[in-house]
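K.L.:
For the sequence shown, this note's numbering gives the first residue as 0, with consecutive numbering after it.
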Amino acid sequence: MLIKNGRIKELSNLPLPYNIEQISHPDKYIIPGFIDSHTHILGTGMQKIFPEVSGIESLEQLFDIIAAASYLARQYKFLLIYNFQPDKIKEKRYPTQNELDTVIKDYPVLLYRIDGHSGVLNTKGLEEIIAADNKVLENGAELDPYQEPTGVMRGKAYEFTARHFNKKIHPEIRLQAFIKACQLAIQAGVTTLVTMLGTEVDNITCELLLENQVKLPIDVIPFYQTRDINRIQKLGLPRIGGCILVDGSYGSHTAALTEPYADKPDNKGILYLSDQTLEEFYRAADANNLQTAVHAIGDRAIEQVVRVFEKFLKDNQKRHRIEHCELLSDNLIKRIADLGLIACVQPAFEHYWGGSDKMYAERLGLRWQNTNPFQKMIEKGIIIAGGSDAPITPINPLLGIRTATDMRNSENSISLWHALRMFTYNGAYAVKMENQIGSLQLGLKADFVILEHDPLQTANNKIRQAYKEGTLLLNNI
Numbered sequence: 000m001l002i003k004n005g006r007i008k009e010l011s012n013l014p015l016p017y018n019i020e021q022i023s024h025p026d027k028y029i030i031p032g033f034i035d036s037h038t039h040i041l042g043t044g045m046q047k048i049f050p051e052v053s054g055i056e057s058l059e060q061l062f063d064i065i066a067a068a069s070y071l072a073r074q075y076k077f078l079l080i081y082n083f084q085p086d087k088i089k090e091k092r093y094p095t096q097n098e099l100d101t102v103i104k105d106y107p108v109l110l111y112r113i114d115g116h117s118g119v120l121n122t123k124g125l126e127e128i129i130a131a132d133n134k135v136l137e138n139g140a141e142l143d144p145y146q147e148p149t150g151v152m153r154g155k156a157y158e159f160t161a162r163h164f165n166k167k168i169h170p171e172i173r174l175q176a177f178i179k180a181c182q183l184a185i186q187a188g189v190t191t192l193v194t195m196l197g198t199e200v201d202n203i204t205c206e207l208l209l210e211n212q213v214k215l216p217i218d219v220i221p222f223y224q225t226r227d228i229n230r231i232q233k234l235g236l237p238r239i240g241g242c243i244l245v246d247g248s249y250g251s252h253t254a255a256l257t258e259p260y261a262d263k264p265d266n267k268g269i270l271y272l273s274d275q276t277l278e279e280f281y282r283a284a285d286a287n288n289l290q291t292a293v294h295a296i297g298d299r300a301i302e303q304v305v306r307v308f309e310k311f312l313k314d315n316q317k318r319h320r321i322e323h324c325e326l327l328s329d330n331l332i333k334r335i336a337d338l339g340l341i342a343c344v345q346p347a348f349e350h351y352w353g354g355s356d357k358m359y360a361e362r363l364g365l366r367w368q369n370t371n372p373f374q375k376m377i378e379k380g381i382i383i384a385g386g387s388d389a390p391i392t393p394i395n396p397l398l399g400i401r402t403a404t405d406m407r408n409s410e411n412s413i414s415l416w417h418a419l420r421m422f423t424y425n426g427a428y429a430v431k432m433e434n435q436i437g438s439l440q441l442g443l444k445a446d447f448v449i450l451e452h453d454p455l456q457t458a459n460n461k462i463r464q465a466y467k468e469g470t471l472l473l474n475n476i
């Protein structure tokens, strides 16, 4: 493979000219650079600035970490803590706002659940949120038996809270977070990140990324999470959306289900958008030649997306996407395939929460067997692109490949070839960039990784080197 000016100039077995630099790894394997098709670059990088608590086993450990991070609260005048998993600690619950107050009371604190769909505030944080919107408690705030807020926020109350705290993050911190997230990606052999960022009221994050892309060591392709088409057109972007929420998550009991949650029989989750709102968004985007992406996890949410598209979509030349697209019946799979919609999935979710003995089974009962039915999707012709949803799970395509080829429900497992394609060519196709990245072909960017083992023979592999446009970014040889 001959590389010139960052592009693949020649693929040949002929001897190379004597006067060029030659790199040889005769016992290793070369593949295209990995593409992570769904990340949140800001949140991923912020976890290298603020604490994350995914490994704790008790509230006591949580409070110790928060106390140790109190200097950050004093420095930034607020504190964020990431990746809390109430089902993984011995108390099996969220801390209360009063418990958080015993550690930090003078600065607002937000503790994010690992799925990014609920969180807990201390009293200072709750007071700020109520001052910003005195009706916020009516839309998902948890209340105690005396009708007082506990600090736990879900649904629209959580979304408002997350946006409020997002606005506190200084642009310089955001830029640091972008760079740190790219560094994490490089360690995993990822040469292109597709990221979801910004909101209807956040004009800063996406524009900051666009202004600073040249400073980043890898490609970062943004989905701006707005429904404002004029704003997208002014920025010259070819795509819109990202994690525009159609529903929530299983962990927070907000993913929209056709049948109730197994552990909350009175709850079927939340649909955040009406059919009319969703249809108006899709029609306007499609008419303006914009690719769309929305977040839909539960079968009721996915059915809503499909139902709306069926009203008008004749072909999918824009390559509209469904992010996550997890709980699927055979009927939904066929309808998605008929529409030509792209599914952007996260196999690592099954590693962390899938199977009969983990969170998906707790929330869904026997329906855990129908989450992420990759094999059926591929058989029907659906293009599936692989991502991590970082920081929800780490940027780690090799983990995604291992999981996709060895699913807890074996009927959902796919071949190594298909799993590798999810994180390479399909990722490029899912952002209309297969003529630039995703494969090793003449004229494409020289983005590639060197693996220890044949990726078509084993899912247990190691990244030895990573190159971006022919430049060595990672060297583990």
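For glycine and all other residues, C-beta sits at the position ideal for the given N, C-alpha and C.
All values derive from a computational prediction rather than experimental measurement.
I need the boundaries of the beta strand (DSSP E) containing Pro16, first residue and last residue.
P.N.:
Reading the sequence shown from its first residue, position 17 is the one you call residue 16. Counting along the chain, Pro16 falls outside any beta strand (DSSP E), and DSSP gives it neither H nor E.
K.L.:
Pick from Ile113, Tyr93, Leu473: whose alpha carbon is nearest that of Glu51?
P.N.:
Sequence index remark: in the sequence shown, residue 51 carries index 52 (1-based). Out of Ile113, Tyr93, Leu473, Ile113 has the C-alpha closest to the C-alpha of Glu51.
K.L.:
Distance check for Thr204 and Glu258, CA to CA, integer angstroms please.
P.N.:
Translated into the one-based positions of the sequence shown, residue 258 becomes position 259. Translated into the one-based positions of the sequence shown, residue 204 becomes position 205. The alpha-carbon atoms of Glu258 and Thr204 are separated by roughly 37 Å.
K.L.:
Please tell me whether Thr191 and Ile34 are closer than 8 Å, where the distance is taken between their beta carbons.
P.N.:
Your numbering for residue 191 matches position 192 in the sequence shown. Your numbering for residue 34 matches position 35 in the sequence shown. Closer than 8 Å, so yes.
K.L.:
Three-state secondary structure (DSSP) at Gln316?
P.N.:
The residue labelled residue 316 in the question sits at position 317 within the sequence shown. Note: Gln316 maps to coil in three-state DSSP.
K.L.:
Since Ile381 contacts Ile332 with CB under 8 Å, what's their CB separation in whole angstroms?
P.N.:
Here residue 381 refers to the residue found at position 382 when the sequence shown is read from its first residue. Here residue 332 refers to the residue found at position 333 when the sequence shown is read from its first residue. Contact holds; Cβ gap of about 7 Å.
K.L.:
At a cut of 8 Å, does the stretch 401-409 reach the stretch 343-356 through at least three beta carbon pairs?
P.N.:
yes
K.L.:
If we count the other Cβ atoms within 10 Å of its Cβ and call it buried at 16 or more, is Tyr359 buried or exposed?
P.N.:
Within the sequence shown, the letter at position 360 stands for residue 359. Buried: at least 16 other Cβ atoms inside 10 Å.
K.L.:
Any idea if Lys89 is buried or exposed, counting beta-carbon neighbours within 10 angstroms, 16 or more meaning buried?
P.N.:
Numbered from its first residue, the sequence shown carries residue 89 at position 90. Exposed: under 16 other Cβ atoms inside 10 Å.
K.L.:
Between the stretch 297-316 and the stretch 272-286, can you find at least three pairs of beta-carbon atoms closer than 8 Å?
P.N.:
Touching, yes.
K.L.:
Do Ile2 and Gly386 have their C-beta atoms closer together than 8 Å?
P.N.:
If you number the sequence shown from 1, residue 2 lands on position 3. If you number the sequence shown from 1, residue 386 lands on position 387. Their beta carbons are not under 8 Å apart, which means Ile2 does not touch Gly386 by this criterion.
K.L.:
What's the C-alpha gap between Ala180 and Ala187?
P.N.:
Taking the sequence shown and counting its residues from 1, one reaches residue 180 at position 181. Taking the sequence shown and counting its residues from 1, one reaches residue 187 at position 188. Using only the alpha carbons, I get a separation of about 11 Å.
K.L.:
Candidates Thr253, Asp453, Ile301, Thr423: which alpha carbon is nearest Arg153's?
P.N.:
Here the question's residue 153 lines up with position 154 in the sequence shown. Closest option to Arg153, Cα to Cα, is Thr253.
K.L.:
Could you compute how far the alpha carbon of Asn425 sits from the alpha carbon of Gly437?
P.N.:
In the sequence shown, counting from the first residue as 1, residue 425 sits at position 426. In the sequence shown, counting from the first residue as 1, residue 437 sits at position 438. C-alpha separation (whole angstroms): 7 Å.
K.L.:
Can you tell me which of the three DSSP states Gly469 falls into?
P.N.:
Within the sequence shown, numbered from 1, the residue matching residue 469 stands at position 470. Three-state DSSP puts Gly469 in coil, outside helix and strand.
K.L.:
Expressed to the nearest angstrom, what Euclidean distance is found between the alpha-carbon atoms of Asn229 and Ala284?
P.N.:
Here residue 229 refers to the residue found at position 230 of the sequence shown. Here residue 284 refers to the residue found at position 285 of the sequence shown. Straight-line Cα distance between these residues: approximately 10 Å.
K.L.:
Less than 8 Å between the C-beta atoms of Tyr466 and Ala445, yes or no?
P.N.:
Taking the sequence shown and counting its residues from 1, one reaches residue 466 at position 467. Taking the sequence shown and counting its residues from 1, one reaches residue 445 at position 446. Yes, they are a contact pair.
K.L.:
Counting C-beta neighbours from all protein chains within 10 Å, is the total for Tyr81 16 or more, i.e. buried, or is it exposed?
P.N.:
Counting from one through the sequence shown, the residue named residue 81 turns up at place 82. The residue is buried, with at least 16 neighbouring Cβ atoms inside 10 Å.
K.L.:
Identify, in the order they occur along the chain, each residue of the same chain with its Cβ nearer than 7 Å to the Cβ of Leu272, setting aside the five sequence neighbours on each side.
P.N.:
Here residue 272 refers to the residue found at position 273 when the sequence shown is read from its first residue. Counting only residues of its own chain and dropping the five nearest sequence neighbours on each side, Leu272 has a CB closer than 7 Å to the CB of Val245.
K.L.:
Using a 10 Å radius around the Cβ and a threshold of 16 neighbouring Cβ atoms, would you call Trp416 buried or exposed?
P.N.:
As a position in the sequence shown, residue 416 is number 417, starting the count at 1. Trp416 comes out exposed.
K.L.:
How big is the Cα-Cα spacing for Ile129 and Ala176?
P.N.:
By one-based count along the sequence shown, residue 129 stands at place 130. By one-based count along the sequence shown, residue 176 stands at place 177. Approximately 28 Å between the Cα atoms of the pair.
K.L.:
Quick check: what's the CA-CA separation for Gly250 versus Ile243?
P.N.:
Position 251 of the sequence shown holds residue 250. Position 244 of the sequence shown holds residue 243. Cα to Cα, the separation comes out at about 18 Å.
K.L.:
Measuring CB atoms only, is the stretch 235-242 touching the stretch 42-56, in the sense that at least three cross pairs come out at less than 8 Å?
P.N.:
No contact exists between the stretch 235-242 and the stretch 42-56.
K.L.:
When the Cα atoms are used, what is the spatial distance from Ile217 to Leu472?
P.N.:
In the sequence shown, counting from the first residue as 1, residue 217 sits at position 218. In the sequence shown, counting from the first residue as 1, residue 472 sits at position 473. If you take the alpha carbons of Ile217 and Leu472, they lie about 9 Å apart.
K.L.:
Is it buried or exposed, Ala67, if we count other Cβ atoms within 10 angstroms and call 16 or more buried?
P.N.:
Here residue 67 refers to the residue found at position 68 when the sequence shown is read from its first residue. Exposed is the call here.
K.L.:
Is the beta carbon of Leu270 closer than 8 Å to that of Ala292?
P.N.:
As a position in the sequence shown, residue 292 is number 293, starting the count at 1. As a position in the sequence shown, residue 270 is number 271, starting the count at 1. No.
K.L.:
Going by DSSP in three states, Gln435 sits in which element: helix, strand or coil?
P.N.:
Here residue 435 is taken as the residue at index 436 of the sequence shown, counted from 1. Coil, per DSSP.
K.L.:
For Pro396, which residues in the same chain have their Cβ closer than 7 Å to its Cβ, ignoring the five residues on either side in sequence?
P.N.:
Within the sequence shown, residue 396 is the residue found at index 397, counting from 1. Once the five neighbours on either side are set aside, the close Cβ partners of Pro396 are Phe33, Asp35, Ala187, Gly188, Val189, Gly385, Phe422.
K.L.:
Run through the DSSP bridge pairs and tell me what Tyr28 is partnered with.
P.N.:
As a first step, residue 28 is located in the sequence shown; it is residue number 29 there, counting from the start. Answer by DSSP bridge pairing, in chain order: Leu450.
K.L.:
How should Glu171 be labelled, buried or exposed, when 16 other C-beta atoms within 10 angstroms of its C-beta is the threshold for buried?
P.N.:
Looking up residue 171 in the sequence shown gives position 172. By the 10 Å Cβ count, Glu171 comes out exposed.
K.L.:
According to DSSP, is Ala187 helix, strand or coil?
P.N.:
Residue numbering aside, residue 187 sits at position 188 when the sequence shown is read from its first letter. Residue state, collapsed to three classes: coil.
K.L.:
For a quick check, are the C-beta atoms of Asn165 and Asp132 less than 8 Å apart?
P.N.:
Here residue 165 refers to the residue found at position 166 when the sequence shown is read from its first residue. Here residue 132 refers to the residue found at position 133 when the sequence shown is read from its first residue. Asn165 places its beta carbon 8 Å or farther from that of Asp132.
K.L.:
Expressed to the nearest angstrom, what Euclidean distance is found between the alpha-carbon atoms of His452 and Ile178?
P.N.:
Taking the first residue of the sequence shown as position 1, residue 452 is located at position 453. Taking the first residue of the sequence shown as position 1, residue 178 is located at position 179. Spanning the two alpha carbons is a distance of roughly 29 Å.
K.L.:
Note down, in chain order, each residue of its chain lying with its Cβ closer than 8 Å to the Cβ of Gln435, except the 5 sequence neighbours on either side.
P.N.:
By one-based count along the sequence shown, residue 435 stands at place 436. Only Ala427, Leu443, Lys444 meet the Cβ criterion.
K.L.:
Nearest by alpha-carbon distance to Thr95: which of Arg73, Leu125, Phe77 is it?
P.N.:
As a first step, residue 95 must be located in the sequence shown, where it is residue number 96. It is Leu125 whose Cα lies nearest to the Cα of Thr95.
K.L.:
What runs of the alpha helix (DSSP H), each 4 residues or longer, lie entirely inside the stretch 31-75?
P.N.:
Whole alpha helix (DSSP H) segments, 4+ residues: 40-45, 58-67, 69-75.
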